[in-house]
Amino acid sequence: MKDFLKGILEVQELDIKMMRLMKIKKQRLDQLAEIRALSAELNDQFKSKKKKIEEINEECTLFETKIEEHKERIKKLESQQGSIKKIEEFNAITKEIQVLEKEKTSAEQTLSDHVDDRAQEEELLEQIKASIKESNESGKALEEEIYEMIRQINTEGTALKQSRDELAGNVNRDMLLIYEKLLRNKKSRVVVPLENRVCTGCHIALTPQHENLVRKGDKTVYCEHCSRIHFWAETAPAVEAEAAAGKKRRRRQTLST
Ligand SMILES: [Zn+2]
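For reference, each letter of the sequence shown is one residue, going 900 to 1156 in my numbering.
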């Protein structure tokens, strides 16, 4: 393999590490955002529940006042009735009292419904309060843990970047630019070995002529399918030998059984 590819390969390994690190960092940041979103959601629920209870309270006051007013009017009418002589007038007042009584009963029923609703809403409010307390406690510990992880990732990332910059400084500038452009596109290894005449990037088979060019290694050879840069893996014969040995072993096992 040409030396400039060796340098690029070293840079590539660090870039892949960095990409993995950044992926983990993003996952951690997403976790943080999730914790915060959950907390915000609970606080919203708390606020809206409180508002609802206040509204029910206002309604209750309204009906309580209405009931009191009706009671007063009924009392007044009843006392008026005592001094009335004419039966028609007496009956008219009785009717008026009946109407007021009916309205009062209806108002009392509504008030009772509101009181039930309020009790239910207050119970829910207590549940939300408990959830907020729980999420604050566990969330805080988890947040701290995530912050610590991110700090470690940042430290590791800084060291990685430094090594990468040093290595990158020693490789062919034009080659590096091509490599970086490919990496931005593929977001995975872009300088890959050819194995059994197959591109290990896109897994598509190539021609024997292509293989020969890669094996010679006097110029940069790109995969005609995915544009990755191919190199001849010096480890390939070793792998083949190992595979052959494996086959032999398997054969021997088959024979002995
Ligand atoms: Zn390919």
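Glycine included, each C-beta is placed from N, C-alpha and C at the ideal position.
Residue i, DSSP secondary structure in three states
i	result
T1134	Its pLDDT being 49, under 50, T1134 is placed unreliably in this model, and the value from its coordinates should be taken loosely. Coil, per DSSP.
C959	helix
K975	helix
I915	helix
R1150	Summary for R1150: the model assigns pLDDT 47, below 50, so the residue's position carries little reliability; its value from the coordinates is reported in the next sentence. Note: R1150 maps to helix in three-state DSSP.
N-terminal and C-terminal residue of the alpha helix (DSSP H) that residue i is part of
i	result
E1123	Neither: E1123 is in no alpha helix (DSSP H) and is coded neither H nor E.
T1054	986-1067
K1085	1072-1085
H1109	1107-1115
C-beta neighbour in chain B for residue i, strict 9 Å
i	result
I955	Here there is only one protein chain, and chain B is not present.
Extent of the continuous beta strand (DSSP E) to which residue i belongs
i	result
V1091	1090-1094
Exposure label - residue i; buried when at least 16 CB within 10 Å
i	result
A932	exposed
I1103	exposed
A1067	buried
N942	exposed
T1134	Confidence at T1134 is low in this model, with a pLDDT of 49, below 50, so its placement is unreliable and the value that follows should be read with caution. Classification for T1134: exposed.
Q911	buried
V1014	exposed
G981	exposed
T1119	buried
A1006	buried
R1072	exposed
V998	exposed
L904	buried
H1124	exposed
T1153	Any reading at T1153 is ruled out, since the residue's pLDDT is 43, under 50, leaving its predicted position unreliable.
R1127	buried
L1076	exposed
Integer-rounded CB distance, given that residue j should sit under 8 Å from residue i
i	j	result
E1169	K951	Nothing about residue 1169 can be read from this structure; the chain reaches only from 900 to 1156.
L937	I966	So it is not a contact: roughly 43 Å between Cβ atoms.
I923	I1045	So it is not a contact: roughly 11 Å between Cβ atoms.
V1090	I907	6 Å
H983	I992	Per the sequence presented here, residue 983 reads as Ile, with His not at that position. Confirmed, about 7 Å.
I915	R1088	6 Å
I955	L976	The pair is not a contact, with the Cβ atoms about 31 Å apart (cut-off 8 Å).
E1093	E1110	Looking at the sequence provided, one finds Leu at residue 1093 rather than Glu. Between E1110 and L1093 the Cβ distance is about 6 Å, and since that is below 8 Å, they are a contact.
M921	K1086	Not really, about 11 Å apart at Cβ, beyond 8 Å.
K974	L1024	At roughly 38 Å, the Cβ-Cβ gap does not stay under 8 Å, so K974 and L1024 are not in contact.
K1003	H969	4 Å
M1048	R927	5 Å
*Would you list the residues whose beta-carbon is nearer than 7 Å to any heavy atom of ligand 1, in the order they occur in the chain?*
Around ligand 1, the residues selected by a Cβ distance under 7 Å to any of its heavy atoms are C1098, G1100, C1101, I1103, C1122, H1124, C1125, R1127, following chain order.
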